[in-house]
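Below: one structure, written as C-alpha cells.
There are 2 protein chains.
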Amino acid sequence: MKIGLDIMGGDFAPEANVSGAILANKELPQDTSIVLFGDQDVVREKLVELGGNPDDFEIVHAPDVITMHDHPTRAIPQKPNSTISKGFDLLASGEIQAFASTGNTGAMLVGAIYKVNAVPGIIRPCITSTIPNIKGGNSLILDVGANADCKPDVLYQFAILGSMYAKEVYGIENPKVGLLNIGEEETKGNLLTQSAFKLMQDTTDFNFTGNIEGRDIFTGKVDVIVCDGFTGNVVLKQAEGLFGLMQKRGLRDEYFDRFNYENYGGTPILGVNSNVIIGHGISNDIAVKNMLLHSYDVTKSKLTDKIKEAIN
Amino acid sequence: MKIGLDIMGGDFAPEANVSGAILANKELPQDTSIVLFGDQDVVREKLVELGGNPDDFEIVHAPDVITMHDHPTRAIPQKPNSTISKGFDLLASGEIQAFASTGNTGAMLVGAIYKVNAVPGIIRPCITSTIPNIKGGNSLILDVGANADCKPDVLYQFAILGSMYAKEVYGIENPKVGLLNIGEEETKGNLLTQSAFKLMQDTTDFNFTGNIEGRDIFTGKVDVIVCDGFTGNVVLKQAEGLFGLMQKRGLRDEYFDRFNYENYGGTPILGVNSNVIIGHGISNDIAVKNMLLHSYDVTKSKLTDKIKEAIN
C-alpha cells in the first residue's frame, strides 16, 4: 500500500508533516510506504534535518502550494503542480491508494469530488469527526462541514456511510445511529429532521435508534450521530472551543484528555472513490503520524469498496 | 409590580417553587409582590410547611395542571383552570405584570403568543439563553428552541431583540452582535446564514460585527449570538451536557461554575406584549428565586415597551 502525504498542508508545514511521516513510517507495516508530495529539494533537506532516511520514502516533486487563501474550487486547476493537485493525480491513477493532507479542506473536498469522484449513487460525500464518549469508546458525527444545506435523503445516506465507517474501521458491530435533534420525540425538530426521521424510522439499512439531543453527544448513547454539515460544524467547533478553555485553565482528566485532536489526526471523506483523509490545520507531528496510521486503517479496511457495494 | 409564579411547574413542584418564592420575596423591593398560581389549599399548606407567611403572597386558585405530557397548543384551551392558563389570563388583563413558570415550555410559548400576543411587527417571538463568557460577562444566544426553522428576516429581528435585551436588562451598551456560522468569511454558511449576513452587514439597527464560529461562543467575542432555534437548542444542550460531565467528574473552577443554571433561573420570551419568563424544568428553589428576581429586572427595565417602540 502507498499512502500519499502533502508536506505543505497545515500551519506547521513542512516540518510537522515530514516529522510525522518519519514517525508513522516506523509504525506502518513493511509492505506500506509513504509517498511525500512537495518540492523535492525541500523534502530531502527536511528528511535529513529531522533525522529521517530519504531512501525510506518516495518523493513526488510538487513545487507549488495551495494555501488557505486559495479559492477551493479554482485552486486545483490553477495550480496543477501543487502538492494537493499532484496527490489527486496519483490517487486517481491508482499509483497511490490513499492521500492525506492537513491543508485547505475546501480544495481537498473539491479534489475528492472532481478528481476521484463521488461513488455512483452517493448524493453528497461528507466529512466525519470522532467524538470520544464517556463510555470509553468513540462516537462518530457526520457531516461536520462539507454540506451546509442538506435534504432528508442526504442525511439518510450519511447514516449509511457513518454506520459503515464505524463498523469497518472502528470495529463497532451494528452501530447505533441517532439523528441529532431538539427533542427525542419523533414530532420534534425542524423540517429537515422531521422528514429525515420519517425516512429513517423503519429502515433496515442501518440501526436507527431515534433522535438524540445535544446533551447526548458525549454520552455514547449512539455510535453514529447524523446531522447536516452546518449543525455538525458548530457542534465540533463548540466542543473544540470548550476543550481549549479547559486546557488553558488546567482542567483535565482521563476522559477530557481524549478530546485532544492529536489522537485522531484525520478523518476520511466518505462517499468518494478512493481514500482521501483530511487533518486539522493545527496538526503537529503526532497528529500527522496518527493521520497516516488512520489512512492505513481506512485503506486496509476496504471501506470504499464496501460503500460502493452497499450503495449499488 | 406583581409577578405571577406557577407553583406547579418543573420537576420539583410545588416545593421548589413555593420555597423559591419565599426566598425571592425577601429580596424583592417592598412595592413588588409575588402572586402564586396553584390549588389554594396546596399553596397555603406549602407556604406554612416551608416557613413562609401566607399573608406575604397573593394566591390565585388554579387547581388544574398542564403537565409535560400535555400537547402545548391544546393544553391551554383544554385546561382553563390550570396554573399556566390562569397566569396568562391575569397577565393579559394587566392584573399581573409578569408571569414565570418552569413548566411546559411549549404551553408557555403558546400562551405568550396567543394570550398576550406577539408585538405587532415581530414575525416570531423567541427564547434566549445566557452564556457566561470567559471575559467575566455574559453573552446571549437566541433563538434556543422556539423556532426550529427560520428565515433570514427572522434572524435579523432576533438580532434586534437580543441587542435590546442585552442593553436594557444586562446594561451592555451598544452590544456586539455575531451571526453563528461555519466560517468567519461572509461567503461561508448555509443558505440561511448567507442571506442573513447580507441583510445584517450594513445595518444601523444593531452593532453587527460579522460571523462567529462555534469556538467563539464562550469567548465573549460578541454579546449577542444570533442563530435559528434548532442550532441554538443543540448548542445549549451540548454545553449543558459537557458542563454536567465536568461536574460529575469533579472538574470545576470559577469560570465553569458560572455555567450552573441556578444562577440564571429563567429567560424572557422576547417579542411578546408582556413579560413572560420561562425557567428550566430541573429548577430547584435557588433557580426559582433567581427566575423571579430576573422577572423583576426584565419588567422593571420596560424592555417590552422599548421593543414595541423600536419595532413600530
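Chains as they are written, first to last, in the working numbering: chain V, 40 to 351; chain A, 40 to 351. We put the beta carbon where it would ideally sit given N, CA and C, even for glycine. Just so you know, these numbers come straight off a predicted model, no measurement behind them.
1. If the criterion is Cβ atoms closer than 8 Å, does the pair Val273/V and Ile221/A meet it?
2. Does any CB atom of chain A fall closer than 8 Å to the CB of Asp50/V?
3. Once DSSP output is grouped into helix, strand and coil, what is the label at Gly259/A?
4. Output the boundary residues of the alpha helix (DSSP H) element that contains Ala198/A.
5. Could you check whether Asn329/V and Gly289/V sit closer than 8 Å to each other, using their CB atoms as the reference points?
6. Jot down the residue ranges of each uninterrupted alpha helix (DSSP H) in the segment 123–175 of chain A, minimum 4 residues, whole runs only, in chain order.
7. Under 8 Å: do the segment 187–199 of chain A and the segment 260–271 of chain A share three or more Cβ pairs, one atom per stretch?
8. With distance defined between alpha-carbon atoms, name the residue in Ala55/V, Asp45/V, Met40/V nearest to Glu301/V.
9. Within the 8 Å Cβ cut-off, does Leu275/A reach chain V?
10. Taking just the CA atoms, how far does Lys118/V sit from Asp94/V?
11. Looking at chain A, which residues of the segment 198–215 of chain V have a Cβ within less than 9 Å of any of its Cβ atoms?
12. Which residues does DSSP pair with Asp324/V in a beta bridge?
13. Going by DSSP, what residue range makes up the alpha helix (DSSP H) through Ile268/A?
14. In the structure shown, what three-state DSSP assignment does Val74/A receive?
15. On the three-state DSSP scale, how would you describe Pro111/V?
16. Taking the alpha carbon of Gln136/A as the reference point, which residue from Phe236/A, Lys206/A, Asp70/A, Lys65/A has its own alpha carbon closest?
17. Please name the residues in the segment 221–240 of chain V whose beta-carbon is closer than 9 Å to at least one beta-carbon of chain A, in chain order.
18. Just list the residues that DSSP pairs Val82/V with in beta bridges.
19. Does chain V have any CB closer than 8 Å to the CB of Arg297/A?
20. Using a beta-carbon distance below 8 Å, is Asn351/A in contact with chain V?
21. Which bits of chain B does Leu219/A rub up against, with CB to CB less than 9 Å?
22. By the criterion of Cβ-Cβ separation under 7 Å, what are the contact partners of Asp188/V in chain A?
23. Using the Cβ count rule (16 or more neighbours within 10 Å means buried), how would you classify Lys287/V?
24. Just the C-alpha distance for Ala278/A and Met285/V, rounded to the nearest angstrom, thanks.
25. Who are the near neighbours of Leu219/V in its chain, counting only those whose CB is closer than 7 Å to its CB and skipping five residues on each side?
26. Kindly list, in the order they appear in chain V, the residues whose Cβ is closer than 7 Å to that of Tyr195/A.
27. Taking only three categories from DSSP, how would you classify Thr306/V?
28. So which of Asn120/A, Leu331/A, Thr306/A has the shortest CA-CA distance to Glu66/A?
29. Roughly how many whole angstroms lie between the Cα atoms of Ala326/V and Met47/V?
30. Contact between the segment 161–171 of chain A and the segment 241–249 of chain A is defined here as three or more beta-carbon pairs at a separation below 8 Å; is this criterion met?
31. Tell me the DSSP secondary structure of Ser334/V in three-state form.
32. Alpha carbon to alpha carbon, how far is Phe295/V from Phe282/V?
33. With a cut-off of 8 Å, does the C-beta of Leu284/A fall near any C-beta of chain V?
34. Label His132/A either buried or exposed according to how many other C-beta atoms from any shown protein chain fall within 10 Å of its C-beta, with 16 as the threshold for buried.
35. Just reading off the alpha helix (DSSP H) that Asp296/V is part of, what are its end residues?
36. At a CB distance below 9 Å, what residues from the segment 83–100 of chain A approach chain V? Give them in sequence order.
On the basis of the supplied data:
1. yes
2. no
3. coil
4. 191–207
5. no
6. 144–150
7. yes
8. Ala55/V
9. yes
10. 28 Å
11. none
12. Answer is none; Asp324/V lacks a bridge partner.
13. Position check: residue 268/A holds Gly in this sequence, whereas Ile was assumed. It spans 268–287 - the alpha helix (DSSP H) in which Gly268/A sits, taken as one unbroken run.
14. strand
15. helix
16. Asp70/A
17. Ile221, Gly222, Lys227, Gly228, Asn229, Leu230, Leu231, Thr232, Gln233
18. Bridge partners of Val82/V: none, in fact.
19. no
20. no
21. Absent from the structure is chain B; the protein chains it does hold are V and A.
22. Asn229, Leu230
23. exposed
24. 13 Å
25. Ile251, Ile264, Val265, Cys266, Thr270
26. Those do not exist, as Tyr195/A stays about 18 Å from chain V at its closest Cβ, beyond 7 Å.
27. strand
28. Leu331/A
29. 15 Å
30. no
31. helix
32. 7 Å
33. yes
34. The identity of residue 132/A in the sequence shown is Ser, whereas the question assumes His. Ser132/A should be labelled exposed.
35. 293–296
36. none
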